[in-house]
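Notes for the one structure printed next.
Protein chains: 2
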Amino acid sequence: MQELFSDRISDVPPSFIREILKVTQDPTVISFAGGLPSAALFPTKAIQAATQKVFETGGNEILQYSTTEGYGPLREYIATRYRDKMGLEVNPDNILITNGSQQGLDLLGKALLNEGDEVIIEAPGYLGAIQAFSIYRARFHAVPMDDAGMQVTPLQSTLATARAKLMYTVPNFQNPSGISYTNARRREVVEAMQDSRTLLIEDDPYGDIRFEGTRPDSFASMMPERTILLGSFSKTVVPSFRLGWIVAPDSILEKLVIAKQASDLHTNYFSQRVLYQYLCDNDLDAHIENIIDKYGRQRDTMLEAIGREFPDGIETTHPDGGMFLWVRLPEGYAARDLLQKAIKDKVVFVPGDPFYVDGLAHNSLRLSFSTVDEATIAEGIKRLALAIRELLQEGRAA
Amino acid sequence: MQELFSDRISDVPPSFIREILKVTQDPTVISFAGGLPSAALFPTKAIQAATQKVFETGGNEILQYSTTEGYGPLREYIATRYRDKMGLEVNPDNILITNGSQQGLDLLGKALLNEGDEVIIEAPGYLGAIQAFSIYRARFHAVPMDDAGMQVTPLQSTLATARAKLMYTVPNFQNPSGISYTNARRREVVEAMQDSRTLLIEDDPYGDIRFEGTRPDSFASMMPERTILLGSFSKTVVPSFRLGWIVAPDSILEKLVIAKQASDLHTNYFSQRVLYQYLCDNDLDAHIENIIDKYGRQRDTMLEAIGREFPDGIETTHPDGGMFLWVRLPEGYAARDLLQKAIKDKVVFVPGDPFYVDGLAHNSLRLSFSTVDEATIAEGIKRLALAIRELLQEGRAA
Numbered sequence: 000m001q002e003l004f005s006d007r008i009s010d011v012p013p014s015f016i017r018e019i020l021k022v023t024q025d026p027t028v029i030s031f032a033g034g035l036p037s038a039a040l041f042p043t044k045a046i047q048a049a050t051q052k053v054f055e056t057g058g059n060e061i062l063q064y065s066t067t068e069g070y071g072p073l074r075e076y077i078a079t080r081y082r083d084k085m086g087l088e089v090n091p092d093n094i095l096i097t098n099g100s101q102q103g104l105d106l107l108g109k110a111l112l113n114e115g116d117e118v119i120i121e122a123p124g125y126l127g128a129i130q131a132f133s134i135y136r137a138r139f140h141a142v143p144m145d146d147a148g149m150q151v152t153p154l155q156s157t158l159a160t161a162r163a164k165l166m167y168t169v170p171n172f173q174n175p176s177g178i179s180y181t182n183a184r185r186r187e188v189v190e191a192m193q194d195s196r197t198l199l200i201e202d203d204p205y206g207d208i209r210f211e212g213t214r215p216d217s218f219a220s221m222m223p224e225r226t227i228l229l230g231s232f233s234k235t236v237v238p239s240f241r242l243g244w245i246v247a248p249d250s251i252l253e254k255l256v257i258a259k260q261a262s263d264l265h266t267n268y269f270s271q272r273v274l275y276q277y278l279c280d281n282d283l284d285a286h287i288e289n290i291i292d293k294y295g296r297q298r299d300t301m302l303e304a305i306g307r308e309f310p311d312g313i314e315t316t317h318p319d320g321g322m323f324l325w326v327r328l329p330e331g332y333a334a335r336d337l338l339q340k341a342i343k344d345k346v347v348f349v350p351g352d353p354f355y356v357d358g359l360a361h362n363s364l365r366l367s368f369s370t371v372d373e374a375t376i377a378e379g380i381k382r383l384a385l386a387i388r389e390l391l392q393e394g395r396a397a
Numbered sequence: 000m001q002e003l004f005s006d007r008i009s010d011v012p013p014s015f016i017r018e019i020l021k022v023t024q025d026p027t028v029i030s031f032a033g034g035l036p037s038a039a040l041f042p043t044k045a046i047q048a049a050t051q052k053v054f055e056t057g058g059n060e061i062l063q064y065s066t067t068e069g070y071g072p073l074r075e076y077i078a079t080r081y082r083d084k085m086g087l088e089v090n091p092d093n094i095l096i097t098n099g100s101q102q103g104l105d106l107l108g109k110a111l112l113n114e115g116d117e118v119i120i121e122a123p124g125y126l127g128a129i130q131a132f133s134i135y136r137a138r139f140h141a142v143p144m145d146d147a148g149m150q151v152t153p154l155q156s157t158l159a160t161a162r163a164k165l166m167y168t169v170p171n172f173q174n175p176s177g178i179s180y181t182n183a184r185r186r187e188v189v190e191a192m193q194d195s196r197t198l199l200i201e202d203d204p205y206g207d208i209r210f211e212g213t214r215p216d217s218f219a220s221m222m223p224e225r226t227i228l229l230g231s232f233s234k235t236v237v238p239s240f241r242l243g244w245i246v247a248p249d250s251i252l253e254k255l256v257i258a259k260q261a262s263d264l265h266t267n268y269f270s271q272r273v274l275y276q277y278l279c280d281n282d283l284d285a286h287i288e289n290i291i292d293k294y295g296r297q298r299d300t301m302l303e304a305i306g307r308e309f310p311d312g313i314e315t316t317h318p319d320g321g322m323f324l325w326v327r328l329p330e331g332y333a334a335r336d337l338l339q340k341a342i343k344d345k346v347v348f349v350p351g352d353p354f355y356v357d358g359l360a361h362n363s364l365r366l367s368f369s370t371v372d373e374a375t376i377a378e379g380i381k382r383l384a385l386a387i388r389e390l391l392q393e394g395r396a397a
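See below:
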């Protein structure tokens, strides 16, 4: 019954990550593949206490249907935090609560993209965004990254030749590469966009998880009228609640609310109430400091082990925060071939291919340092180094 | 920036219900407009106990990311319940947990509908389905209802002339009309569909809330290979968790999972765990009996008050379950005009227009009997009767 399906659904690239997850059922396999935060750091006791309090004070209403826009006090909390932490003025009315950032991407596709509309995306770029916009049959233009962000010259020529409606970026500790845009690069990007009508989507789930340096200016502060900002509690509090948000100008937010209502009426209201209670009763920044401390040490361990174990000619990024780093094998070697060897050595990662809309850069791979403890990271990198040496010895693929 | 928006988003009819909700902020207004279940019946204490237990036994994992398909034991519970209550054999692998039934509709549109694909819908039909499929730019064919379900002759001619990919129905206690399909009508519908390739969507959020009579056969049992079944815990347990499901054949479910992953990765996992614990520790049928008892008495009160208060020439449905009944004014009178008068008399309802894709039947309206107690129903119907008499006295609109 192939003809029953929509054209769009066949355009969605499969998530290779799901296939890898099957392998990681084996507890002797060390996984750098998952994009998960560390469950060991979840504030479970505090969430439990917040839940208890919501039941005691909220009454039956906490279990009823609610508004499409989301819980008012939670939207106010988010706005206040933007002002306090980033000096960014956001009206709570311009915030829509979503089922995680991923739904933010779906709603943006729904409200903004016609079939064939052009979207600029980083190369490598976030797979979830590629999937979400593929559903709306976007035509992608990939702009390569260097260590400071999207490269300006190819961006300029893409903006000049394509009539891109949207440009998508993860400017802080990008998934998959770990790269952050420097302040200088942000200014260059804004300048390059000046003469276009392209809207910028600034997806920032990792921005708070910074190990070193100071937070650069957000695109939302530099181009408020043209930036749509996405945020999430999945990496800083808990993912299972599926709570993220979109900040957008009035006219766009109005359409996103229509799209949200048609998509699922509203986000789980009980969890919004519990999360808000947690945020009222706890010091989120102190909690984030714990995450920073742990992930930061795990990143150090991973980079040290790579320096010690990997053969020459393997490049990596040096992320200042977040959960991921990016490895590039010498040209001509395929990360998928490496994965086959690595699985035998009981270590896994995500090959870079699905993060490129044009299917290039087969020689890159993503390593996550968020969920694996330091001793295991050292052992896993050792195993991976073994697999790499084996791959290099066999020589380049024909 | 109108040109920034997708064509699809402008196709979505607005939810008139949201506008009415503003009026109902006034506590002196009696509202028959909401489509909400009665919060007074929510099993809040039992949900609280289930939550506590999940925290005590679940560990941090209950707050982590989870699978796109949904929590396995919850899918098994749903399959078992279909077998026990309806004699319907469903494999848990054919169940996808969604953010309420509304997301089921969105995912079906996403995976199945190309722009211009034809969809048969009841007239009146569920507004949420009209909104969800409008997003995918479906072309609707409305088939009128009588007291036994969709009328067969217009259905036959629609199936013969349109090449409908989908047909959407709420066969038990339909929203908005309260109409249920008789067993005989179900067989006629199945026979009419025999020579078509149309898939049937059987949306059944209210089927368990039956005041009298016995449950007819489901379309899923009569045409398993061509029926997609939607269910929900919003009307039988609580709505704020946003937990519904889709049952679909293998090949379709596989595409729905891709669509779900691109839409929001997965449904709130914590709430799935809590709901499952609640279902394990409580007698759902005993709880549903309470709902049936209360809504049944409220329906009786509403029908009695209508019989007593309304002038001659006003028709209503007589629902055997669910939350809604349907009122038809004499031809030539508009329910929207009635609403203006009713608001002055401090009673509100939803005019029927948005439930018709062709904008006809301006003389019908929906009354909800789920959230208003018996004394208030009697008073509200009295006020509404006053408004109707006033409307009729003014005569038909020019």
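Chains as they are written, first to last, in numbering that gives the first Met the number 0: chain A, 0 to 397; chain B, 0 to 397. Note that CB positions come from ideal geometry on N, CA and C, so glycine has one too.
Run through DSSP, which three-state label would residue i get?
i: P42 of chain B; result: coil
i: M144 of chain A; result: strand
i: F348 of chain A; result: coil
i: D311 of chain A; result: coil
i: T181 of chain A; result: coil
i: R365 of chain A; result: strand
i: M85 of chain B; result: helix
i: E114 of chain A; result: coil
i: T408 of chain A; result: Past the edges of chain A, shown from 0 to 397, lies residue 408 of chain A, and the structure says nothing about it.
i: R196 of chain A; result: coil
i: G127 of chain B; result: helix
i: N213 of chain B; result: Correcting the residue type first, residue 213 of chain B is Thr in the shown sequence and not Asn. Note: T213 of chain B maps to coil in three-state DSSP.
i: D282 of chain B; result: coil
i: A324 of chain B; result: The identity of residue 324 of chain B in the sequence shown is Leu, whereas the question assumes Ala. Correct three-state label for L324 of chain B: strand.
i: S231 of chain B; result: strand
i: S250 of chain B; result: helix
i: I208 of chain A; result: coil
Under 8 Å by Cβ, that's how I've got residue i and residue j pegged, so tell me the actual separation to the nearest angstrom.
i: G379 of chain A; j: I29 of chain A; result: 4 Å
i: Y180 of chain A; j: G148 of chain A; result: 3 Å
i: S262 of chain A; j: Q102 of chain B; result: 6 Å
i: G57 of chain A; j: R272 of chain A; result: 6 Å
i: Y76 of chain B; j: V118 of chain B; result: About 31 Å; that fails the 8 Å criterion.
i: L126 of chain A; j: F323 of chain A; result: That pair is no contact at about 12 Å.
i: S164 of chain B; j: L199 of chain B; result: Contrary to the premise, residue 164 of chain B reads as Lys rather than Ser in this sequence. Contact doesn't hold; Cβ gap of about 11 Å is too wide.
i: T386 of chain B; j: L337 of chain B; result: Here the sequence assigns Ala to residue 386 of chain B, which means Thr is not the residue at that position. Yes, A386 of chain B and L337 of chain B are in contact; Cβ-Cβ is about 6 Å, under 8 Å.
For residue i, count neighbouring C-beta atoms within 10 Å of its own C-beta (all shown protein chains included) and say buried if the count is 16 or more, exposed if not.
i: A183 of chain A; result: exposed
i: E190 of chain A; result: exposed
i: S156 of chain B; result: exposed
i: D204 of chain B; result: It is worth fixing the name first, because residue 204 of chain B is Pro in this sequence and not Asp. Buried, because 16 or more other Cβ atoms sit within 10 Å of the Cβ of P204 of chain B.
i: T152 of chain A; result: exposed
i: S250 of chain B; result: exposed
i: N289 of chain A; result: exposed
i: H140 of chain A; result: buried
i: S195 of chain B; result: buried
i: R395 of chain A; result: exposed
i: Q392 of chain B; result: exposed
Requested in this report: Take every Cβ of the region 295-315 of chain B, pair it with every Cβ of the region 74-90 of chain B, and state whether three or more of those distances are shorter than 8 Å.
Outcome: Cβ pair count under 8 Å is below three, so no.
Requested in this report: Indicate whether the contact test is met: 3 or more Cβ pairs, each with one atom in the region 357-375 of chain B and one in the region 113-125 of chain B, closer than 8 Å.
Outcome: Contact between the region 357-375 of chain B and the region 113-125 of chain B is present, with at least three C-beta pairs closer than 8 Å.
Requested in this report: Would you check if the region 43-50 of chain A and the region 224-239 of chain B touch, i.e. whether three or more CB-CB distances between them fall below 8 Å?
Outcome: They do not touch, by the three-pair rule.
Query - the region 61-72 of chain A touching the region 258-268 of chain A, judged by at least three CB pairs closer than 8 Å - result: In this structure the region 61-72 of chain A lies against the region 258-268 of chain A, because at least three pairs of beta carbons, one per stretch, are closer than 8 Å.
Query raised in the report: Can you find at least 3 beta carbon pairs, one from the region 236-254 of chain B and one from the region 274-291 of chain B, that sit closer than 8 Å?
Result: Taking 8 Å as the limit for Cβ pairs, the verdict is that the region 274-291 of chain B does touch the region 236-254 of chain B.
Query - Residues of the region 80-112 of chain B with Cβ closer than 7 Å to any Cβ of chain A, in chain order - result: Answer in chain order: N98, G99, Q101, Q102, D105, K109, A110, L111 and L112.
Query raised in the report: If contact means a Cβ-Cβ distance below 7 Å, which residues of the region 220-244 of chain A contact chain B?
Result: For the region 220-244 of chain A, the set of positions with a beta-carbon nearer than 7 Å to some beta-carbon of chain B reads V237, P238, S239, F240 and R241 in chain order.
Report task. For the region 96-104 of chain B and the region 242-256 of chain B, state whether three or more C-beta atom pairs, one from each stretch, are separated by less than 8 Å. Result -> Yes, since at least three Cβ pairs between the region 96-104 of chain B and the region 242-256 of chain B fall closer than 8 Å, the two stretches touch.
**Report entry** Inter-stretch contact at 8 Å, needing at least 3 Cβ pairs: the region 27-42 of chain B / the region 58-66 of chain A
**Finding:** Flag = yes, the region 27-42 of chain B and the region 58-66 of chain A touch.
Requested in this report: Compile a chain-ordered list of the residues in the region 255-269 of chain B whose CB is closer than 8 Å to at least one CB of chain A.
Outcome: From the region 255-269 of chain B, only I257, A258, Q260, A261, S262, D263, L264, H265, T266, N267, Y268 and F269 have a Cβ closer than 8 Å to chain A.
Query raised in the report: For the 8 Å Cβ check, are there 3 or more pairs between the region 327-345 of chain B and the region 281-297 of chain B?
Result: Three or more beta-carbon pairs separated by less than 8 Å are not found between the region 327-345 of chain B and the region 281-297 of chain B, which leaves the two stretches without contact.
Query raised in the report: When you check each C-beta in the region 163-176 of chain A against every C-beta of chain B, which residues fall closer than 8 Å?
Result: Legend: CB atoms of the region 163-176 of chain A lying less than 8 Å from CB atoms of chain B belong to residues K164.
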